[in-house]
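Visitor:
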Amino acid sequence: MRLGALKATDFRDVLMMKTVPRGGRLAGSVACAFLLVSTLTSAAVARPSGNAAVSTCEGDALNGHWWCENKPGIRVQWAGQTVGYLNSDTNWFTCRYEGDPTGGGGPHPNRWIYTLADTPHLGHGGWGFVKDSDVIDETNPLPRC
7 MRLGALKATD FRDVLMMKTV PRGGRLAGSV ACAFLLVSTL TSAAVARPSG NAAVSTCEGD
67 ALNGHWWCEN KPGIRVQWAG QTVGYLNSDT NWFTCRYEGD PTGGGGPHPN RWIYTLADTP
127 HLGHGGWGFV KDSDVIDETN PLPRC
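By the count of our numbering, the sequence shown reaches residue 151 at its end, each step adding exactly one.
Structure below.
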């Protein structure tokens, strides 16, 4: 095979197959895969989670409402039933309750936050609890229910 007769793909093959023994190619491939996986893993660990509190709920002493940033469209529940939804990404809440697991994880996996639904339905007039994991702000300042 003459050097002038090589195509671009042949040149790559010559470099990879002729100059590097098979064990070296395999070791290089494993090292690249390990580096890629470790880079992706460390990037995922360094990234803050969606449940991380970025600020604290702000209280209004005049009417007892605490304004917090939350995920829009979250369910408001009472006695295991959905009694409405919070439509916006900032709502007021009145208190916090430590009770049954919410199933949402986060820093307070047993915390429920009491509020009034934006769009109530069913019973209880739309009053109920949302999962603390659906509230983005830190809810520690809210009084206990």
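The C-beta atom is built at its ideal place from N, Cα and C for all residues, glycine as well.
Would C151 be called buried (16 or more neighbouring beta carbons within 10 Å of its own) or exposed?
Guide: Residue mapping note: residue 151 aligns to position 145 of the sequence shown, counting from 1. When all chains shown are included, C151 counts as exposed.
Visitor: Tell me, please, whether the region 62-76 touches the region 87-106 by the rule of three or more beta-carbon pairs shorter than 8 Å.
Guide: yes
Visitor: Using a Cβ-Cβ cut-off of 6 Å (strictly less than) and excluding sequence neighbours within five positions of K137, which residues of its own chain qualify?
Guide: For the purposes of this step, residue 137 is taken as residue 131 along the sequence shown, with counting starting at 1. Counting only Cβ-Cβ distances below 6 Å, and skipping sequence neighbours, we find T108 and G110.
Visitor: For the beta strand (DSSP E) holding E104, just list the boundary residues, first then last.
Guide: Taking the first residue of the sequence shown as 1, we reach residue 104 at position 98. C101 to E104 is the extent of the beta strand (DSSP E) around E104.
Visitor: Could you compute how far the alpha carbon of G90 sits from the alpha carbon of D124?
Guide: Position 84 of the sequence shown, counting from 1, holds the residue named residue 90. Position 118 of the sequence shown, counting from 1, holds the residue named residue 124. Approximately 7 Å, taken between the alpha carbons.
Visitor: Between which two residues does the beta strand (DSSP E) harbouring K137 extend?
Guide: Within the sequence shown, residue 137 is the residue found at index 131, counting from 1. Note, K137: beta strand (DSSP E), W133 to K137.
Visitor: Determine the direct distance from the alpha carbon of S61 to that of V82, and round the result to whole angstroms.
Guide: On the sequence shown, residue 82 is found 76 positions in, with the first residue counted as 1. On the sequence shown, residue 61 is found 55 positions in, with the first residue counted as 1. Looking at the two C-alpha atoms, the distance is approximately 22 Å.
Visitor: Please report how far the alpha carbon of D95 lies from the alpha carbon of E75, in whole angstroms.
Guide: Taking the first residue of the sequence shown as 1, we reach residue 95 at position 89. Taking the first residue of the sequence shown as 1, we reach residue 75 at position 69. Between D95 and E75, the C-alpha separation is close to 6 Å.
Visitor: Hey, how far is the Cα of H130 from the Cα of I80?
Guide: In the sequence shown, the residue the question calls residue 130 occupies position 124. In the sequence shown, the residue the question calls residue 80 occupies position 74. Approximately 17 Å, taken between the alpha carbons.
Visitor: Verify whether the separation of the beta carbon atoms of E104 and W118 is less than 9 Å.
Guide: Here residue 104 corresponds to residue number 98 of the sequence shown, with the count starting at 1. Here residue 118 corresponds to residue number 112 of the sequence shown, with the count starting at 1. Yes. Within cutoff.
Visitor: Taking the CB atoms as reference points, tell me whether L128 and Q87 lie closer together than 9 Å.
Guide: The count along the sequence shown starts at 1 and reaches residue 128 at position 122. The count along the sequence shown starts at 1 and reaches residue 87 at position 81. When the beta-carbon positions are compared, L128 and Q87 come within less than 9 Å of each other.
Visitor: Can you tell me whether D66 is buried or exposed, with buried defined as 16 or more other CB within 10 angstroms of its CB?
Guide: Counting from one through the sequence shown, the residue named residue 66 turns up at place 60. By the neighbour-count rule (16 or more Cβ atoms within 10 Å), D66 is not buried but exposed.
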